[in-house]
Amino acid sequence: MIRSNKGEQKMILDDYQKRVDQLFEQIKTTQRENIITAGKMIAETIDAGGNIYLSGICHSIEMDLFNRGGGPAFYRTFHYKLDVQSDARERDRSDLDTDMEGLGEYILKASTIRPGDILFVGSVSGRTKGVVDLAWEAKKMGIKVIAMSSMSYAQTVDAVHSSGKKLYEFVDLTLDNCAPAAEAMLKIDGIEANFAAASGIASSYILWSVTAVALEEMMKSGKTPLLLKSANFPGGPEYNNTEVYPHYKEFGW
Numbered sequence: 001m002i003r004s005n006k007g008e009q010k011m012i013l014d015d016y017q018k019r020v021d022q023l024f025e026q027i028k029t030t031q032r033e034n035i036i037t038a039g040k041m042i043a044e045t046i047d048a049g050g051n052i053y054l055s056g057i058c059h060s061i062e063m064d065l066f067n068r069g070g071g072p073a074f075y076r077t078f079h080y081k082l083d084v085q086s087d088a089r090e091r092d093r094s095d096l097d098t099d100m101e102g103l104g105e106y107i108l109k110a111s112t113i114r115p116g117d118i119l120f121v122g123s124v125s126g127r128t129k130g131v132v133d134l135a136w137e138a139k140k141m142g143i144k145v146i147a148m149s150s151m152s153y154a155q156t157v158d159a160v161h162s163s164g165k166k167l168y169e170f171v172d173l174t175l176d177n178c179a180p181a182a183e184a185m186l187k188i189d190g191i192e193a194n195f196a197a198a199s200g201i202a203s204s205y206i207l208w209s210v211t212a213v214a215l216e217e218m219m220k221s222g223k224t225p226l227l228l229k230s231a232n233f234p235g236g237p238e239y240n241n242t243e244v245y246p247h248y249k250e251f252g253w
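Printed below as a string of structure tokens:
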């Protein structure tokens with residue numbers, strides 16, 4: 001506990017919850033226009049027969065929306081891995097740069113994504129080489145790219161991709177999760193590093209807000225979005241398997 005100037009006991013918990021409230025308020029006041037734009041982009045893309053992909057957003061926050069109760073069927077994850085068979089003894093590889101570029105084009109062409117689809121990507125710093133490479137190649141293919149990033153973070157670091165660009169400098173739309181530079185929100189006396197990453201909770205809040213707009217826009221155009229029911233609630237699996245998944249396979253939403 002921390003004693004305040006008035007003598008009462010103040011917990012780190014109180015500071016954290018206050019900071020989260022401030023973070024959400026900052027998002028509400030600064031990101032509303034971009035959130036609405038993103039939601040409308042989703043609805044328009046679905047109307048045109050396109051798909052909506054979520055790829056690695058701020059430590060996989062996209063999984064908060066995908067295939068779960070209350071989430072729409074139209075979100076699809078975009079994950080990938082390169083499986084290399086190399087059966088040899090282990091050696092030190094710490095000198096190798098594994099955050100590399102050059103795979104983005106192959107990954108996209110090996111996937112189901114097509115021009116006109118939407119790809120959400122995320123890098124809090126806005127400069128993660130593999131993420132920037134994927135977004136860069138997606139733009140070249142005619143894919144609409146929406147990035148989740150922290151502008152205060154991205155504007156304090158240099159680009160590391162060969163294009164010389166960070167995400168916000170070339171994508172179609174940037175959603176600022178308002179995380180501070182270097183992520184953590186709170187300074188605790190006696191601890192060197194700051195506490196409590198902001199990007200996860202902020203990005204989830206933004207994505208659900210974007211989804212709310214997308215659902216409303218779809219309903220305006222005559223579509224009734226199907227939402228998944230919880231798999232652990234009675235009747236949930238049956239509803240999902242008979243109503244939601246078949247509809248998605250046929251219509252894409």
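All residue numbers for the sequence shown refer to full-length UniProt numbering, where the first residue is 1 and numbers rise by one. Note that the Cβ used here is the ideal one computed from N, Cα and C, for glycine as well. Predicted model, so just to flag it, every value in this text is computed and none were measured.
In the three-state DSSP reduction, M218 falls in the helix class (H, G or I). Check the Cα spacing between L167 and each of P180, C178, A179 and V145: the tightest is with V145. Three or more beta-carbon pairs drawn from the stretch 96-109 and the stretch 124-135 are found closer than 8 Å, and the two stretches are therefore classed as touching. The stretch 146-164 makes contact with the stretch 178-192; the number of CB pairs closer than 8 Å reaches 3 or more. In the pairwise beta carbon analysis, the stretch 48-57 is classified as touching the stretch 78-98: at least three pairs are separated by under 8 Å. Between the C-alpha atoms of V121 and P72 there is a straight-line separation of about 18 Å. When the alpha-carbon of L65 is set against those of G200, T112 and K220, the nearest one is in G200. A straight-line Cα-Cα distance of about 31 Å links D47 and F233. Pairwise C-beta distances place the stretch 190-205 out of contact with the stretch 33-48, as fewer than three of them are shorter than 8 Å. DSSP assignment within the stretch 88-120 yields no whole beta strand (DSSP E) run of 3 residues or more. If you draw a 10 Å sphere on the C-beta of H161, you find 16 or more other C-beta atoms in it, and that means buried.
In this structure, the beta-carbon distance from E169 to E137 does not fall below 7 Å. Boundaries of the beta strand (DSSP E) around K144: K144 to S149.
Excluding sequence positions up to five before and after V157, its CB lies within less than 7 Å of the CB of S125 and R127, all in the same chain and listed in chain order. Under DSSP, T77 shares a beta bridge with L54. For D189, DSSP assigns no beta-bridge partner whatsoever. Excluding residues up to 5 positions away in sequence, A73, V244 and H247 lie with their Cβ nearer than 6 Å to the Cβ of L226 in the same chain.
When the five nearest sequence neighbours on each side are left out, the beta carbons in the same chain lying within less than 6 Å of the beta carbon of I61 are those of G200, S203 and S204, in order along the chain. Closest by C-alpha distance to I35, out of A147, L186, R93 and A184, is A147.
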